[in-house]
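S.K.: Going left to right, the sequence shown walks through residues 1 to 371 as the UniProt record's numbering numbers them. Take this structure, written in structure tokens, and hold onto it; I'll ask about it next.
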Amino acid sequence: MLFVEGGSPEIKKYETLQHEWPAHEEIDHVHDRLALAGVGFWSFYCCGNLLELCKVACRMTQLRNMEGLSALIKQLHPLNRKDFFLNITGLLKAEQAFEQEAHVVLPDGESRWFRLTGVLEQNKDGLHRVVGTMVDITAFKMAEIRKANLMAFMSHELKTPLSTMRLYVQSAAKFMNLKGEDFLKSQLSKADEQVWAMNKLIDNYLQLSMTAHTGLCIQSEWFDFSALVYETVSHYAEVDPDHVFKMELNGSIFINGDRDKITQVMNNFIGNAIKFSPRNCFIKVNCKKAKNGVEFSVMDQGDGIAQVDLQHLFTKHYRANNPRMGAVKGHGLGLYLSKEIIESHKGSVFCESELGIGSIFGFVIPHQAHN
């Protein structure tokens, strides 16, 4: 055994390196901290077209420590790929730092959102590399998407009472001198009802935005479903003289559910029939008893819907290819909302259609639609 007073040169050199660089345990500890913060580091070596990822970035992207740049680009959403490529090339030319939000689809199919930053570095040999950070902003983006969906929700749902209120006011102004004071009072009273309905919608969705989830708030009560159908169709027959409305009712049918929400669904189905049907066509509304519940349907004489579109109609933001679609504005939310409301009442929606003939939209809900 050999002892060297003061330590050997090799030992001193190793000890010096230990002081210059953090120990592996310290690096792993830092990586764990970064993982909790959702932050990773990446480096792109221009000469070898290689991408180096730290442990955190590897876990975030499900890529290996060393990959070609194309591996990351393939994960980027097509809308973000061009921006990322332009940022890299722009950085090499102008040496300006960049920051970009990127939507990434991981190998397992999961969608994530990252905020990427990059700066250009050059070593003493003149070789360049891009180094940057990768921050997981998925939670922020999901909250942003929920907020946008909520605004689209409110925009869509407020259109019906606003349009109806305008019709009542226009009707009152038009016939004010011809039909007398009673008619004017009646029309203004109905307009006020629409204002009340609009305020109720706003309150409901504002309350919804303050909750951690986007579930519908259901207020259940027992009510006569047939009476609601009669009231709703009568309202449309009064304010829309361009279509002929027919009703088939099956006596009183009482259900337990959210009367206002179910009215929204009826309004959506009837409103769509009006929008997508030529003038002077029939719109038939049917209400009948079903097994342990009630069935509601709206039949129109519009252009119909292609079979390829039928399975997607109740998907959020989907709009079928219809000749009248160009003249009709919307978010593609109405049928999606209707499906959510009916399913929250333990029911189901359906649609039947034939091109050139027309469509039938409806739903079935049980008597005890909601507890």
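In this text, a Cβ means the ideal position worked out from N, Cα and C, and glycines have one as well. These figures come from a predicted structure and were not determined experimentally.
Which residues share a DSSP beta bridge with Trp42?
M.R.: Its beta-bridge partners are Leu53, Gly132.
S.K.: Can you tell me the Cα-Cα spacing of Leu150 and Gly334, whole angstroms?
M.R.: Computed Cα separation, rounded: 13 Å.
S.K.: Please give the ranges of any beta strand (DSSP E) in the UniProt domain "PAC" (98 to 149), keeping only runs that are unbroken, at least 3 residues long and fully inside the region.
M.R.: Taking only runs of at least 3 residues, the beta strand (DSSP E) segments lying wholly in the UniProt domain "PAC" (98 to 149) are 98 to 105, 111 to 122, 128 to 136.
S.K.: Use the C-beta contact count for Ser338: other C-beta atoms within 10 angstroms, 16 or more gives buried, fewer gives exposed.
M.R.: Flag for Ser338 reads buried.
S.K.: For a minimum of 3 consecutive residues, which ranges assigned as the beta strand (DSSP E) are wholly contained in the stretch 263 to 315?
M.R.: Correct list: 282 to 290, 293 to 299.
S.K.: Is the separation between the beta-carbon of Gly304 and that of Leu355 shorter than 8 Å?
M.R.: Contact flag set, yes.
S.K.: Counting only the same chain and skipping the five closest in sequence on each side, list residues whose C-beta sits under 6 Å from that of Gly362.
M.R.: Phe296, Ser297, Phe350, listed in sequence order.
S.K.: For Asn256, which residues does DSSP report across the bridge?
M.R.: DSSP lists Trp222, Gln368 as partners of Asn256.
S.K.: List the whole-angstrom C-beta distance separating Ile341 from Gln264, where the pair is believed to meet the contact cut-off of C-beta under 8 Å.
M.R.: Contact flag correct, Cβ pair sits at about 6 Å.
S.K.: Would you mind reading off the limits of the alpha helix (DSSP H) that contains Lys93?
M.R.: Segment 78 to 94, the alpha helix (DSSP H) holding Lys93.
S.K.: Any idea what DSSP makes of Ile360, helix, strand or coil?
M.R.: Looking at Ile360 - three-state DSSP - the assignment turns out to be strand.
S.K.: From this set, Asp242, Gln194, Asp224, Asp108, which residue's C-alpha is nearest His367's C-alpha?
M.R.: Nearest option by C-alpha distance: Asp224.
S.K.: Thinking just about the alpha-carbon of each residue, which of Gly257, Lys124, Arg166 is nearest to the one in residue 378?
M.R.: The structure shown does not extend to residue 378, since the chain is modelled only from 1 through 371, so no value can be given for it.
S.K.: For the alpha helix (DSSP H) containing Lys74, list its first residue and its last residue.
M.R.: Unbroken alpha helix (DSSP H) run through Lys74: 69 to 75.
S.K.: Going by CA-CA distance only, name the one from Pro107, Asp242, Leu228 that's closest to Asn280.
M.R.: When each option's Cα is compared against that of Asn280, the closest is Asp242.
S.K.: May I ask you to list the residues that DSSP assigns as paired with Met247?
M.R.: According to DSSP, Met247 bridges with Val285.
S.K.: To the nearest whole angstrom, what separates the beta carbons of Glu121 and Arg115, a pair I think is in contact under 8 Å?
M.R.: The Cβ separation is near 20 Å, so there is no contact.
S.K.: Specify the secondary structure class of Cys217 as computed by DSSP and reduced to three states.
M.R.: Here Cys217 sits in coil by DSSP.
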